[in-house]
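Accompanying notes for the structure given below.
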Amino acid sequence: MERSRSNDEIRNRRSMNNKVPAGWLDYSPLNTWIENTRFVPFKCPLRSSILRNINKQDRFSLNDLIDRLENQGRKIGLIIDLTDTYRYYDYRDVEDMGIEYCKIRVPGHQDVSDKSCQKFFHVVNTFLRDNRQNGIHCTHGINRSGYFIVRYLIEILGQQPDNAIAAFNRARGHSIEKNIDDLRRRKPMNVSSSSSSDQEDDYYIERDRPLPYSRPSIDPTLNDISSETSKILV
Numbered sequence: 054m055e056r057s058r059s060n061d062e063i064r065n066r067r068s069m070n071n072k073v074p075a076g077w078l079d080y081s082p083l084n085t086w087i088e089n090t091r092f093v094p095f096k097c098p099l100r101s102s103i104l105r106n107i108n109k110q111d112r113f114s115l116n117d118l119i120d121r122l123e124n125q126g127r128k129i130g131l132i133i134d135l136t137d138t139y140r141y142y143d144y145r146d147v148e149d150m151g152i153e154y155c156k157i158r159v160p161g162h163q164d165v166s167d168k169s170c171q172k173f174f175h176v177v178n179t180f181l182r183d184n185r186q187n188g189i190h191c192t193h194g195i196n197r198s199g200y201f202i203v204r205y206l207i208e209i210l211g212q213q214p215d216n217a218i219a220a221f222n223r224a225r226g227h228s229i230e231k232n233i234d235d236l237r238r239r240k241p242m243n244v245s246s247s248s249s250s251d252q253e254d255d256y257y258i259e260r261d262r263p264l265p266y267s268r269p270s271i272d273p274t275l276n277d278i279s280s281e282t283s284k285i286l287v
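When we follow my numbering, the leftmost residue of the sequence shown carries the number 54, and every step to the right adds one.
Set out below in structure tokens:
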């Protein structure tokens, strides 16, 4: 009886682990780059065990992402993953493509912390100094991705809020639906003073220093990355 219950639990976990994210099919994978930036937002690519539950024409994997970008004559050097889970794909597949990976866990349906935004700013600035292109995604590639990118456009690049929001919406092909009032209140920040004050924080990334991370452990029953650890800023 105990073994049967254990097997049932494993099957249930596998089933949940292979579910398509809610609302994922409602949005296009990606559209184009944000004008005059090195940002491209897209929805989360999915691994094969999830994609087999989706019609072929609706699938979007890491390989599909790279193919679509190459068709636009572009490549990315970094993927910033803003999802709050590790089940969608294995970051090692990203690295095997010669692309850096950074995880910043951002729960959906909650306010985004300023500390998470500072993590994002530092990672992006590190890669832009090396002339690398940045790919950013959350689950749908809209609200969390849009919030982080638009705040960067406003606070770091000095764009007007409505212009930054419009630029993201055009590039993504879908409009940000949340935190619009918050974004419109944002103003350019003093980058030099902000950077210096954060140098002792645990997420600060120095120039010419590789992205720090802890290696994830793998759950063999799920063939997935554990929720306890991930390649994430430390």
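In this text, a Cβ means the ideal position worked out from N, Cα and C, and glycines have one as well.
| Query | Result |
| --- | --- |
| Taking Ile132 as part of the beta strand (DSSP E), name the residues at either end of that continuous run. | 131-134 |
| Should the stretch 168-183 be called in touch with the stretch 199-214, which here means at least 3 C-beta pairs below 8 angstroms? | yes |
| Closer than 8 angstroms by C-beta to Leu118: which residues in its own chain qualify, once you throw out the five before and the five after it? Chain order, please. | Pro82, Leu83, Phe95, Pro98, Gly188 |
| Please work out which residues of its chain come closer than 8 angstroms, Cβ to Cβ, to His190, disregarding the five sequence neighbours upstream and downstream, and give them in chain order. | Pro94, Phe95, Lys96, Cys97, Pro98, Ile132, Ile133, Asp134, Leu135, Thr136, Ser198 |
| Name the two residues that bound the continuous beta strand (DSSP E) containing Glu153. | 153-156 |
| For the pair the stretch 220-233 and the stretch 102-115, tell me if three or more CB-CB distances fall below 8 angstroms. | no |
| Can you name, in chain order, every residue of its own chain whose Cβ lies under 7 angstroms from the Cβ of Leu28, other than the five neighbours on each side? | Residue 28 lies beyond the range of the chain shown here (54 to 287); nothing can be said about it. |
| Is the beta carbon of Tyr200 less than 9 angstroms from the beta carbon of Asp146? | no |
| Which residues bound the beta strand (DSSP E) around Asn187? | 187-190 |
| Using 10 angstroms around the beta-carbon of His162, count the other beta-carbons present and answer buried if the total reaches 16, otherwise exposed. | exposed |
| Among the candidates Ile233, Ile103, Lys240, whose CA atom is the shortest distance from the CA of Asp164? | Ile233 |
| Taking the CB atoms as reference points, tell me whether Arg239 and Gln186 lie closer together than 9 angstroms. | no |
| In the DSSP assignment, find the unbroken beta strand (DSSP E) run with Pro94 in it and report its ends. | 92-94 |
| Under 8 angstroms by Cβ, that's how I've got Trp77 and Thr192 pegged, so tell me the actual separation to the nearest angstrom. | 7 angstroms |
| Could you tell me the alpha carbon to alpha carbon distance between Leu115 and Thr138, rounded to whole angstroms? | 17 angstroms |
| Rounded to the nearest angstrom, what separates Tyr144 and Asn71 at their Cα positions? | 17 angstroms |
| Given a cut-off of 9 angstroms, decide if Ile202 and Tyr80 are closer than it, judged by their beta-carbon atoms. | no |
| Give the single residue among Tyr141, Val159, Asp149 whose Cα lies nearest to the Cα of Ile103. | Tyr141 |
| Relative to the C-alpha of Met150, which candidate in Asp120, Pro160, Gln125, Val177 has its C-alpha closest? | Asp120 |
| DSSP state of Leu99, grouped into three classes? | coil |
| With DSSP run on the structure shown, which of helix, strand or coil describes Leu115? | helix |
| Taking C-beta to C-beta, are Gln212 and Ala224 nearer than 9 angstroms? | no |
| Where does Leu181 sit, in a helix, a strand or coil, going by DSSP? | helix |
| Going straight from the alpha carbon of Val176 to that of Glu153, what length do you get? | 11 angstroms |
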